[in-house]
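Encoded as structure tokens, the structure appears first; notes follow it.
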Amino acid sequence: MRNASPASIDIVKATAPALEKHGVAITTAMYARLFENAEVAAMFDRAAQDSGEQPRRLAAAILAYARNIDRLGNLGPAVQRMVARHVETGVKAEHYPLVAAALLPAIRDVLGEDIATDAVLAAWGEAYWMLADILIAAEQDAYREAANA
Ligand code: HEM
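Using this note's numbering, the first residue of the sequence shown is number -18, and each one after it goes up by one.
What follows is the structure, given as structure tokens:
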């Protein structure tokens, strides 16, 4: 697993309130970028039909979980739920860079480059990949188990 550096963890925690305050705007900007990819948009169309809800929880969760980046061990049941949902909707490791490439520019779009400096975006990138690595590993296990069942 890629660990975020202590300096990045400090930056993430210091900037998390600003990101969460603008969470809806960041989420909206992120999905606009992400859904330019038709394959990814189709995964969410299917999910929205299943859940009857806009999949807004994803971006909100990234912001919220990143804030608790130094206590990720506490996430147990939440991770299981995300993994289950991701496996149902066919999320694979190769999709994670697409979300990172949508989320980080969205943060800059909304907060501007004075607040979302290169250092801030780099720190959020590290936090994202730390979470992503936990999910990717658990999802690979789940796909493998399903294949062996
Ligand atoms: C660190 C990265 C990610 C985090 C923290 C995250 C988090 C979440 C959370 C919390 C949910 C809602 C689970 C529930 O309670 O039902 C969710 C659902 C979902 N995620 Fe992720 N996710 C991440 C990456 C991705 C990626 C890379 C994709 C694929 C493009 C993806 C696609 C989805 C889809 C399709 C759903 C279902 C939405 C719905 O039920 O309406 N996620 N994710």
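For each residue, glycine too, the CB sits at the ideal point set by N, CA and C.
Residue environment, residue i, which counts as buried when at least 16 other CB atoms sit within 10 Å
i      : result
V72    : buried
V5     : exposed
S(-14) : exposed
A47    : buried
A127   : exposed
A65    : exposed
Close Cβ partners of residue i (< 6 angstroms) along its chain, the five nearest in sequence each way excluded
i      : result
H67    : E120
S(-11) : A104, E107
L15    : V21, A83
Secondary structure of residue i, DSSP reduced to three states
i    : result
F25  : helix
N129 : helix
R38  : helix
Sequence-distant residues of the same chain with beta carbon closer than 7 angstroms to residue i, five excluded per side
i     : result
L56   : Y46
A(-1) : L92, I96
Beta carbon proximity, residue i to chain D, threshold 8 angstroms
i   : result
E69 : No chain D appears in the structure shown, which is made up of a single protein chain.
In chain order, what are the residue ranges of uninterrupted alpha helix (DSSP H) at least 4 long that sit wholly in the segment 58 to 97?
DSSP runs (the alpha helix (DSSP H)) wholly in the segment 58 to 97: 77 to 96.
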